[in-house]
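Numbering (my numbering), first residue to last: 16 to 466.
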């Protein structure tokens, strides 16, 4: 967080105090107080009351009492005391046992209802301050919080940058993984003998992610790969199995914007990631043209970033990427075929814990799952005795639910969502320049659909 000096708190009695705050807060709206009850109206001039006349009660004349005659004192006679007779106690009558039917289920004792716990004490409400906290003079512009709304956090500039590290590494590794046609060119270029291939690629990337810091990346990625078949085995049915390995390097770099210092779209700084790749592939190609392709690739990562306020962070890590892809061409004319394609990619990304001089920074990422559904329309011509195959392609990419978490000092967690979808359309050309040698290239345009 970035802390700013404010005058005033959010509770009554703190309006003249000073606070360092990492968020912009507004006081709650005052509670409505019911109007006081009006006292009853009393007439100030009482009406006189006329007393009723009192009739005196006559006093009767007392009658004289005669003098009593003295009574002689009687002599007491002793009375014998009776002796109590003991009452016999009857013997207890034995109660015969009640026969129990063995087939009858036993009677369960009644279950006492649990006593509900005592109600929690009601915490008295705290009266809000009269005015919202006011930034100190010479403070940079800050957003205005709405009364009663959640405080607006003041993230430092590095937060959007660190939130991009994991998703940017995922994009770079996915670009290096590519598709079957990105690596091999086309099924028709593959023969029954081992062969090698090389690939250069690059693209501009503009991508947004949903999350606490709402990061936006604007940059590019580029790289190369070299691969060779180690095993080629034709089958009796005409299908060809092919297995090989490849190595490569790639780099992703660009600028980052995001939610920082209270505002969205704040320019945060720049970052870059380098990747060293090593992978293996296996493919099965049918004489009819359909194929099945599986790839496993590991990437060693090394990256760095620098925010616009000069804070640097170096990071290292690795990724594991797995891909399974299939396609099935269908003829639409004598020279053109359309090939529906499906691909599923699984990626796991691990970055090391670092410290940027302000706090410890750790990265935690759930696994990425990406699906691709597309189609490729390809023609086949012969120009100056050279086979030429133009093609058009379109894809829809979908990254499934998941999240990345960047934790600061083991306490504050900033989350970024995986879920996004994008589409791309492109055109390419495959030219056979010599026997067993072909050149292919493609140009694509991609656009993000949502995040």
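Just so you know, even glycine gets a beta-carbon here, dropped at the ideal spot from N, CA and C.
| message | Tell me which residues share the same chain as residue 351 and place their Cβ nearer than 6 Å to its Cβ, disregarding the 5 neighbours each side in the sequence. | response | For residue 351, same chain residues with a beta-carbon under 6 Å away, outside a window of 5 residues either side, are 394 in chain order.
| request: Below 8 Å on the Cβ atoms is my guess for residue 364 versus residue 184; work out the distance and round it to an integer in Å. | output: Rounded, the Cβ-Cβ distance is 5 Å, consistent with contact.
| task | Name the one or two DSSP bridge partners that residue 272 has. | result | When DSSP reads this structure, residue 272 sits in a beta bridge with 231, 282.
| task | Return the bridge partner residues of residue 264 from the DSSP annotation. | result | In DSSP, residue 264 forms a bridge with 239, 291.
| Closest to residue 328 by CA distance: which of 260, 369, 294, 347 is it? | Shortest Cα-Cα distance from residue 328 to any of 260, 369, 294, 347 involves 369.
| message | For residue 443, count the other beta carbons within 10 Å of its own beta carbon; 16 or more makes it buried, fewer makes it exposed. Which is it? | response | Counting Cβ neighbours within 10 Å, residue 443 comes out buried, since at least 16 surround it.
| Between the CA atoms of residue 435 and residue 464 - distance to the nearest angstrom | Those two C-alpha atoms are separated by around 7 Å.
| query | What number of angstroms, rounded off, separates the C-alpha of residue 317 from the C-alpha of residue 346? | reply | Near 46 Å, if we compare the C-alpha coordinates of residue 346 and residue 317.
| field | Assumed close pair residue 310, residue 338 - CB separation to whole angstroms, cut-off 8 Å | value | So it is a contact: roughly 4 Å between Cβ atoms.
| message | For residue 392 and residue 362, I'd like the C-alpha separation in whole angstroms. | response | Distance between the alpha carbons of residue 392 and residue 362: 29 Å.
| Is the CB of residue 303 under 8 Å away from at least one CB in chain B? | In the displayed structure, chain B is absent; only one protein chain is listed.
| said: Less than 8 Å between the C-beta atoms of residue 360 and residue 189, yes or no? | reply: The criterion of a C-beta distance shorter than 8 Å is satisfied by residue 360 and residue 189.
| said: Under 8 Å: do the segment 233-253 and the segment 203-213 share three or more Cβ pairs, one atom per stretch? | reply: Cβ pair count under 8 Å is three or more, so yes.
| From residue 448 to residue 454, what distance separates their C-alpha atoms? | Take the alpha-carbon of residue 448 and the one of residue 454: they are about 7 Å apart.
| Boundaries of the alpha helix (DSSP H) in which residue 196 is found, first to last residue | Counting along the chain, the unbroken alpha helix (DSSP H) around residue 196 starts and ends at 195-199.
| task | Report buried or exposed for residue 324, applying the criterion of at least 16 other Cβ atoms within 10 angstroms of its Cβ. | result | With fewer than 16 neighbouring CB atoms inside 10 Å of its own CB, residue 324 falls in the exposed class.
| Spatial distance of residue 306 from residue 298 (CA atoms) | Approximately 7 Å between the Cα atoms of the pair.
| task | Check whether the Cβ atoms of residue 308 and residue 272 lie closer than 8 Å to each other. | result | Contact flag unset, no.
| task | Give a yes or no on whether the C-beta atoms belonging to residue 466 and residue 164 are separated by under 8 Å. | result | No; because the gap between Cβ atoms is not below 8 Å, this pair is not in contact.
| query | Per DSSP, residue 450 is paired with what? | reply | Answer is none; residue 450 lacks a bridge partner.
| Taking the Cβ atom as the reference point for each residue, do residue 320 and residue 176 lie within a distance shorter than 8 Å? | Between residue 320 and residue 176, the C-beta gap is smaller than 8 Å, which places the two residues in contact.
| Closest by C-alpha distance to residue 201, when choosing among 304, 285, 377, 268 | Across the set 304, 285, 377, 268, the C-alpha of 304 shows the shortest separation from the C-alpha of residue 201.
| Which residue's Cα is closest to the Cα of residue 419: 230, 152, 158, 291? | Comparing alpha carbon positions, the residue from 230, 152, 158, 291 closest to residue 419 is 230.
| field | Contact set for residue 291: own chain, Cβ-Cβ below 6 Å, skip 5 residues either direction | value | Answer for residue 291: 264, 315, listed in chain order.
| request: Tell whether a beta-carbon distance below 8 Å holds between residue 413 and residue 431. | output: Their beta carbons are not under 8 Å apart, which means residue 413 does not touch residue 431 by this criterion.
| Which listed residue (222, 247, 233, 172) has its alpha carbon closest to that of residue 209 | Checked all of 222, 247, 233, 172; the closest Cα to residue 209 is 247.
| task | On a CA-only basis, which of 160, 383, 238, 204 is nearest residue 219? Give me that one, please. | result | The residue with the shortest Cα to Cα distance from residue 219 is 238.
| task | Could you tell me whether the Cβ atoms of residue 9 and residue 300 are closer together than 8 Å? | result | Residue 9 lies beyond the range of the chain shown here (16 to 466); nothing can be said about it.
| request: Helix, strand or coil for residue 466, going by three-state DSSP, please let me know. | output: In the three-state reduction of the DSSP assignment, residue 466 falls in the coil class, being assigned neither a helical nor a strand state.
| Which partner residues does residue 456 have in the DSSP bridge list? | BP columns for residue 456 point to 444.
| request: Compare the C-alpha of residue 441 against each of 409, 429, 378, 433 and name the closest. | output: Closest option to residue 441, Cα to Cα, is 409.
| Helix, strand or coil at residue 409 according to DSSP, with G and I counted as helix | Here residue 409 sits in strand by DSSP.
| field | Reduced DSSP category for residue 343 - H, G, I as helix; E, B as strand; rest coil | value | Secondary structure of residue 343 (DSSP, three-state): coil.
| Where does residue 192 fall in DSSP's three states? | Three-state result, residue 192: helix.
| field | Residue range of the unbroken beta strand (DSSP E) whose run includes residue 306 | value | According to the DSSP assignment, residue 306 belongs to the beta strand (DSSP E) that extends over 306-322.
| Beta-bridge partners of residue 370, as assigned by DSSP | The partner list for residue 370 (beta bridge, DSSP) reads 375.
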